[in-house]
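Trainee: Encoded as structure tokens, here's the structure I'll be asking about.
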Amino acid sequence: MGIFKRRKRVLVISWDGVPFSFLKKGMEEGRFPLFSKLITGGAFGRMTSVLPTISSVAWTSYMSGKNPGGHGIFGFIDRKPSPLSFFIPTGKDRKAEFIQEVLSREKKRVISINIPMTTPPFEVNGILVSGFLSTKIEKATYPPEFSRVLKEMGYIIDANPVKAKDRKDEYLEDLFLALRKRFELAERLIRERWDYFHLHVMETDRINHFFWKKKDERFWKFYSEVEELSISLAEKAKDALLILLSDHGFCTLKKEVFVNKYLEDGGYLFFDKEPPEDIRDISEKTVAYSLIPGRIYINLKGREEKGSVEPGDYERVREEVASYLEKLTVDGERVIKKVWRREEVYSGPYTDLGPDLILEPVDGFDLKGNLKKETLSGETHIEGMHTRDDAFLFVKEREFTKDNLSIYDLFPSILSEFSIKVSSDGEVCWRG
Amino acid sequence: MEKGFTVWFTGLPCSGKSTLAQMLKDELVKRGFKVEVLDGDVVRQHISRGLGYSKEDRDENIRRIYHVAYLLQRNGIVVITAAISPYREIRQEARELLKDFVEVYVKCPVEVCMKRDVKGMYKKALKGEIKNFTGIDDPYEEPLNPEVVCETDKETPEESLQKILRKLEELGYIEPQVYSEEEEEIIKKRLEDLGYI
Chain R
1 MGIFKRRKRV LVISWDGVPF SFLKKGMEEG RFPLFSKLIT GGAFGRMTSV
51 LPTISSVAWT SYMSGKNPGG HGIFGFIDRK PSPLSFFIPT GKDRKAEFIQ
101 EVLSREKKRV ISINIPMTTP PFEVNGILVS GFLSTKIEKA TYPPEFSRVL
151 KEMGYIIDAN PVKAKDRKDE YLEDLFLALR KRFELAERLI RERWDYFHLH
201 VMETDRINHF FWKKKDERFW KFYSEVEELS ISLAEKAKDA LLILLSDHGF
251 CTLKKEVFVN KYLEDGGYLF FDKEPPEDIR DISEKTVAYS LIPGRIYINL
301 KGREEKGSVE PGDYERVREE VASYLEKLTV DGERVIKKVW RREEVYSGPY
351 TDLGPDLILE PVDGFDLKGN LKKETLSGET HIEGMHTRDD AFLFVKEREF
401 TKDNLSIYDL FPSILSEFSI KVSSDGEVCW RG
Chain U
1001 MEKGFTVWFT GLPCSGKSTL AQMLKDELVK RGFKVEVLDG DVVRQHISRG
1051 LGYSKEDRDE NIRRIYHVAY LLQRNGIVVI TAAISPYREI RQEARELLKD
1101 FVEVYVKCPV EVCMKRDVKG MYKKALKGEI KNFTGIDDPY EEPLNPEVVC
1151 ETDKETPEES LQKILRKLEE LGYIEPQVYS EEEEEIIKKR LEDLGYI
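Note that the protein sequences, when read in sequence, are chains R and U.
Quick note on the numbering used here: the first sequence kicks off at 1 and runs consecutively.
Quick note on the numbering used here: the second sequence kicks off at 1001 and runs consecutively.
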């Protein structure tokens, strides 16, 4: 060893929506040979994600170390209670500092590629490429002029999911191309100077959504390529602490379940206009309504534009609605694993922005937020859906210090590698 | 009333000032601002008719532009000027008067501007048919500390526009806006196709 101590570096490669159980079973069947070998030299475990289990919420928690009540992001779509309206939350709506910002402030050089909720791009000490919530490359990078590099190499923000419905072969080709471009960029940037490098692979979530049931040869070919490209990238930075993780698990989607239809049938949801075209068509008689996936809002007077539930009745009404929702069945099968009161899962200054109740479904039932549907459940071309408790975490040359790993733990654990202490909803979860 | 401000484009003839000024105007109008563009060529046909291209006349032209900009700006209008404005001293005068002043240097090598030569002016200047033509036989003094530099030989107009918008956001003149209406529809569709909304 020379007289100079080598700088500490952390390399994170994330595979969106890849379940722990899927990797474990795959390895038992002889798949993922490179990953299999890799995990013998580190800690590999199951990790719990967030509620609701959505990438935008999960990655905001990863980057901030906070639960949704602490960062203010609760879904891909959210509502303003008064005047009642929908909006699409972006990184601008989060209320917590991200790991890239903390490290930049500490003069660490950051390279961040494709992580959800980094749209719009923000200033870092390095380079940031936003994820799939960006609409065009010109608006997807920090510094802005870096977008030129992306354009020149034909970088793809996201494969167009409209093809997944009836042009699946074409969609799969697009996924391969997007994946290869992602790694082409990473291979180029990994040669630069950096302290924290994070490449996010979104395409694993996509292939799971649309190709999960059959898991045919093309599916496995895709995963082999993800594995090979990831390990090859890691080889370029052998001195760095390597972390691989996902943000949630996956399971087979059996049925879509329309929660607002169930609320309407139970006399909890009414509309001024039939069929309703917008959330503003909810009537003043409404007691509760739902946003995707399984977020329930009580129509509280003083908070909601057309509020009907008196604040004094809030607890009683919320319990009544919770008890009604627990009974939801489709084809004789129970749909809801657990109804959470928000204070059970959220804490922090932005808890009030979140839903009053959060439904955790039984695996296979995808809870939708459509305002109006004629039936309680339906079929879909989407084959896979997210699960909360089956994300994975691998950390090279470390051992875990706890059993119940949480996505909130990554923020303090990674920063501790740089001797940066932070407050968070997680805790340092490895040593070594 | 919205607070007015001035975006002052400066650069060689055919560097891309008018194109960017128009794109910026379209974007700001979409965001609900009242916007007026003072284009150098248009100004010379009206409020500066009769002025020539000597240093004195050029300075007088710029004084008229910044005075009009001042009147508009104080009434809550966003003013975008697109004139060569080749001299540092007079641009500084404009900055001092207007205060809410964002200088955008539209940087482009003269060789590239000559190739573009939209109105054939460079050709005429090179033949000696036009005198005191900036970049040929009249100087262009580059800004020393512009708020934005757009390198139009290297960037696409969209990239340059994004640079300017981000600076205006950073300076607090416009609210950060992640999506235009059209972009929001694109994202909604993407999220719907993924089953996320």
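All C-beta atoms, glycine included, are put in the ideal place defined by N, C-alpha and C.
So which residues on chain U does R:V162 lean against when the C-beta distance must stay under 7 Å?
Mentor: D1193
Trainee: Kindly say whether R:T135, judged by its beta-carbon, lies nearer than 9 Å to any beta-carbon of chain A.
Mentor: The structure shown has no chain A; the protein chains it does contain are R and U.
Trainee: Once you ignore the five residues that flank R:D93 on each side, which residues in its own chain have a CB closer than 7 Å to its CB?
Mentor: Cβ neighbours of R:D93 beyond the five flanking positions: G72 and I73.
Trainee: Could you pull the DSSP bridge partners for R:K338 from this structure?
Mentor: R:E360
Trainee: Please state whether the Cβ-Cβ distance between R:L325 and R:V395 is less than 9 Å.
Mentor: no
Trainee: Can you tell me whether DSSP reads R:W212 as helix, strand or coil?
Mentor: Three-state DSSP puts R:W212 in coil, outside helix and strand.
Trainee: Do the CB positions of R:T48 and R:I407 come within less than 9 Å of each other?
Mentor: Taking 9 Å as the Cβ cut-off, R:T48 and R:I407 qualify as a contacting pair.
Trainee: Helix, strand or coil, according to DSSP, for R:M202 in the structure here?
Mentor: coil
Trainee: Is R:D16 close to chain U? Criterion is C-beta to C-beta, closer than 9 Å.
Mentor: no
Trainee: Does the beta carbon of R:P19 sit closer than 9 Å to a beta carbon anywhere in chain U?
Mentor: no
Trainee: Of all the CB atoms in chain U, is at least one closer than 9 Å to the CB of R:R31?
Mentor: no
Trainee: Can you check which of these residues, R:K80, R:Y314, R:R46 and R:D331, is closest to R:G249 by C-alpha distance?
Mentor: R:R46
Trainee: Just the Cα atoms here: how many angstroms apart are R:I243 and R:S104?
Mentor: 20 Å
Trainee: Comparing C-alpha positions only, which one of U:R1064, U:V1078 and U:R1074 sits nearest to U:E1093?
Mentor: The option with the nearest alpha carbon to U:E1093 is U:R1064.
Trainee: U:E1184 to R:K95, Cα distance in whole Å?
Mentor: 21 Å
Trainee: Please name the residue or residues paired with R:A58 in a DSSP beta bridge.
Mentor: According to DSSP, R:A58 bridges with nothing at all.
Trainee: Tell me the residue span of the alpha helix (DSSP H) that contains U:P1139.
Mentor: Run containing U:P1139: none; DSSP gives neither H nor E here.
Trainee: Could you name the residues of chain R that U:I1174 contacts, counting a contact when the two beta carbons are closer than 7 Å?
Mentor: Within chain R, no residue comes near U:I1174; the closest Cβ sits about 14 Å away, beyond 7 Å.
Trainee: Compute the minimum distance between the beta carbon of R:L23 and the heavy atoms of the ligand GDP, and state whether it is under 8 Å.
Mentor: The ligand GDP is absent from the structure shown, which contains no ligands of any kind.
Trainee: In angstroms with no decimal places, state the Cα-to-Cα distance between R:A322 and R:L359.
Mentor: 9 Å
Trainee: Determine contact between the region 22-39 of chain R and the region 228-236 of chain R, defined as no fewer than three beta-carbon pairs at a distance below 8 Å.
Mentor: yes
Trainee: Going by C-alpha to C-alpha distance, which of R:V50, R:Y196 and R:K181 sits closest to R:G65?
Mentor: Cα-wise, what sits closest to R:G65 is R:V50.
Trainee: Spatial neighbours of U:K1003 within its chain, please: CB distance less than 6 Å, with the 5 preceding and 5 following residues excluded, ordered by chain position.
Mentor: none
Trainee: Determine, using beta-carbon pairs with one atom in the region 290-298 of chain R and one in the region 411-431 of chain R, whether at least three such pairs fall under 8 Å.
Mentor: no
Trainee: Under 9 Å Cβ-Cβ, which residues of chain U neighbour R:R148?
Mentor: K1154, E1155, T1156 and E1159
Trainee: Under 7 Å Cβ to Cβ from U:T1134, same chain only, skipping five residues before and after it: list those, please.
Mentor: L1012, P1013, I1084, P1086 and Y1140
Trainee: DSSP three-state call for R:F146: helix, strand or coil?
Mentor: helix
Trainee: Quick one: list the residues of chain R neighbouring U:Y1140, beta-carbon separation under 8 Å, in chain order.
Mentor: Simply none; closest approach about 23 Å.
Trainee: For R:D390, count neighbouring Cβ atoms within 10 angstroms of its own Cβ and tell me buried if that reaches 16, exposed if not.
Mentor: buried
Trainee: Residues of chain U with a CB under 8 Å from the CB of R:T119: which are they?
Mentor: Per Cβ cutoff of 8 Å: V1178.
Trainee: Would you list, in sequence order, the uninterrupted alpha helix (DSSP H) runs of no fewer than 4 residues that lie entirely inside the region 1085-1129 of chain U?
Mentor: 1088-1098, 1110-1116 and 1121-1127
Trainee: Counting only Cβ pairs nearer than 7 Å, list the residues of chain R close to U:E1103.
Mentor: The premise fails here: U:E1103 is roughly 18 Å from chain R at the closest Cβ pair, so nothing lies under 7 Å.
Trainee: Determine the closest residue to U:L1020 out of U:I1130, U:E1103, U:D1057 and U:R1049, with distance taken between C-alpha atoms.
Mentor: U:E1103
Trainee: Distance check for R:S21 and R:M1, CA to CA, integer angstroms please.
Mentor: Low per-residue confidence applies at R:M1: pLDDT is 45, beneath 50, and the placement is therefore not dependable enough to give any value.
Trainee: Decide yes or no for the touch test of the region 159-177 of chain R against the region 205-217 of chain R: beta carbon pairs closer than 8 Å, at least 3 of them.
Mentor: yes
Trainee: Among all the DSSP beta bridges, which residues are the ones paired with U:V1178?
Mentor: DSSP, once it has assigned bridges, lists no residue as partnering U:V1178.
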